[in-house]
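Below is one structure; the comments refer to it alone.
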Amino acid sequence: MTIQHEIMESTSKTHLEKINKMLMAMAQGNFFYRLERMDANDSMVAISLVLNMLAEEIQETLVHGGFVNTTGVVRHLVQLSFFLDGKGTVKMVNQNACSILAFLRQDIVGINFKNLLDTTSVKMWSNFLAKAQKREFNDTSMELTFVTKDGLLIPNLCHITTNSGINDTMQNFLVTVVLTARDSEERDKHDQQAVFMEKFKGGSSVLVSKDMVKARARLSFEDIRKIREGRNIILNNLEADLPSLKDFAHQLGTNEFKLKYGFRELFGTTVYRFLLQERLRKAKMLIQHTDANLKTIAFSVGFKTMPHFSRAFKKHYGYAPSELRKLSLKLH
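The opening residue of the sequence shown carries number -9 in our numbering; numbering runs sequentially from there.
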């Protein structure tokens, strides 16, 4: 057995262990973990890609209301929170972050924040830190990927606030990852306090009770089923052109108004914006976890030209597809 073969076997065994840990996490309802990219072009690569996409699909469904109670409202829940000094050293961390990353608190407090990130994110964080240290105050967001103690990846949009105390010369950083959830009780409280005004064609206005508004806006279970069916059709046909909203609604057995309204209520966006976001999200996964060329990826998710794909991708993520591919390859 050659040394190269032994290395490949060791790498495969390590990756299989990570796959097992990710499956166990998903079985327990944790869908925010991801597997790192592998160079080998075999079945393990395919399994990793499918698991990553499945976890992301389920997480997006939960966040955007796959089990939506349409009387609910969006609440924001802190998932990870880190307090850093001006050099990026972790001074405080919330318990949830310790649990998710599988580290003890003492293993995180005192280390440099970049030690919790993957290689691509380390570069992004270092560039941010160099610029932020020249400013007194800064609020921004960036996508960073955390690495757990077991080697699983957790990509997240992080909100970063730079600040300093009145008498402090050293900057501090607050890094938070926020998830969204729906809470019907909060909506009920809001409804109980609200008084709605609705204008008629004649220009006059009347007070409308909360029951009248909820009755007008509520989607039936059948409506929700049809809207979800529409979402699934879009996800399964990202490479295809979407018909007009009127035709698409008729295909689902509903009307254009309910299709538009239902998508906003359940998924927080329009039909066409949802289609674009999902095309770009799938493209990003394929760029990070496969060796397919960018043109093939662009066409596979429904873009007609590379310039259109590149512009849309950069506008959405803040960097070009080619830049992401280069950074992904550097990891290996």
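Yeah, the Cβ is synthetic: ideal placement off N, Cα and C, and Gly gets one too.
Under the three-state DSSP convention, the category residue i falls into
i, result
"residue 38", "helix"
"residue 260", "coil"
"residue 93", "coil"
"residue 79", "strand"
"residue 102", "strand"
"residue 107", "strand"
"residue 140", "coil"
"residue 210", "coil"
"residue 331", "No answer is possible for residue 331: the residues shown for the chain start at -9 and end at 322."
"residue 44", "helix"
"residue 250", "helix"
"residue 113", "helix"
"residue 234", "coil"
"residue 199", "Residue confidence for residue 199 is low, a pLDDT of 42 falling below 50, so the modelled location carries little weight; the figure read from the coordinates is stated next. Coil, per DSSP."
"residue 85", "helix"
"residue 121", "helix"
"residue 219", "helix"
"residue 229", "coil"
"residue 10", "helix"
"residue 319", "helix"
"residue 172", "Only weak support exists for where residue 172 lies, its pLDDT of 44 falling under 50; the value from the coordinates is given anyway. Strand."
"residue 189", "Only weak support exists for where residue 189 lies, its pLDDT of 34 falling under 50; the coordinates are left without a value."
"residue 182", "Annotation note: pLDDT 38 at residue 182 (below 50); position unreliable, coordinate value reported separately. Looking at residue 182 - three-state DSSP - the assignment turns out to be helix."
Residues that residue i bridges to, as DSSP identifies them
i, result
"residue 240", "BP columns for residue 240 are empty, so no partner."
"residue 25", "None, per the DSSP bridge assignment."
"residue 133", "147"
"residue 166", "71 and 149"
Beta-carbon separation (whole angstroms), residue i vs residue j, contact threshold 8 Å
i, j, result
"residue 266", "residue 302", "7 Å"
"residue 144", "residue 163", "Between residue 163 and residue 144 the Cβ distance is about 19 Å, and since that is not below 8 Å, they are no contact."
"residue 110", "residue 135", "7 Å"
"residue 315", "residue 276", "Not quite, the Cβ-Cβ distance comes to about 10 Å (not below 8 Å), so this is no contact."
"residue 41", "residue 9", "7 Å"
"residue 137", "residue 108", "5 Å"
"residue 91", "residue 11", "The pair is not a contact, with the Cβ atoms about 13 Å apart (cut-off 8 Å)."
"residue 228", "residue 292", "5 Å"
"residue 278", "residue 312", "Rounded, the Cβ-Cβ distance is 13 Å, inconsistent with contact."
"residue 15", "residue 23", "5 Å"
"residue 280", "residue 39", "6 Å"
"residue 133", "residue 147", "6 Å"
is_contact[residue i, chain D] using C-beta, thresh 8 Å
i, result
"residue 298", "No chain D is present in this structure, which holds just one protein chain."
**Item:** Within the stretch 263 to 316, ranges of the beta strand (DSSP E) (whole runs, at least 3 residues)
**Value:** With a minimum length of 3 residues, no continuous beta strand (DSSP E) run stays inside the stretch 263 to 316.
Quick check: the stretch 235 to 253 against the stretch 266 to 286, are there 3 or more CB pairs under 8 Å?
Fewer than three beta-carbon pairs drawn from the stretch 235 to 253 and the stretch 266 to 286 are found closer than 8 Å, and the two stretches are therefore not classed as touching.
### Query
When the Cβ atoms of the stretch 240 to 255 are set against those of the stretch 211 to 220, are three or more pairs found closer than 8 Å?
Flag = yes, the stretch 240 to 255 and the stretch 211 to 220 touch.
Margin query: Assess contact between the stretch 71 to 85 and the stretch 94 to 106, defined as three or more Cβ pairs (one per stretch) separated by less than 8 Å. Is contact present?
Written below: In the pairwise beta carbon analysis, the stretch 71 to 85 is classified as touching the stretch 94 to 106: at least three pairs are separated by under 8 Å.
| Is the number of C-beta pairs between the stretch 240 to 250 and the stretch 296 to 311 that are closer than 8 Å three or more? | Taking a contact to require three or more Cβ pairs closer than 8 Å, the stretch 240 to 250 and the stretch 296 to 311 do not qualify as touching.
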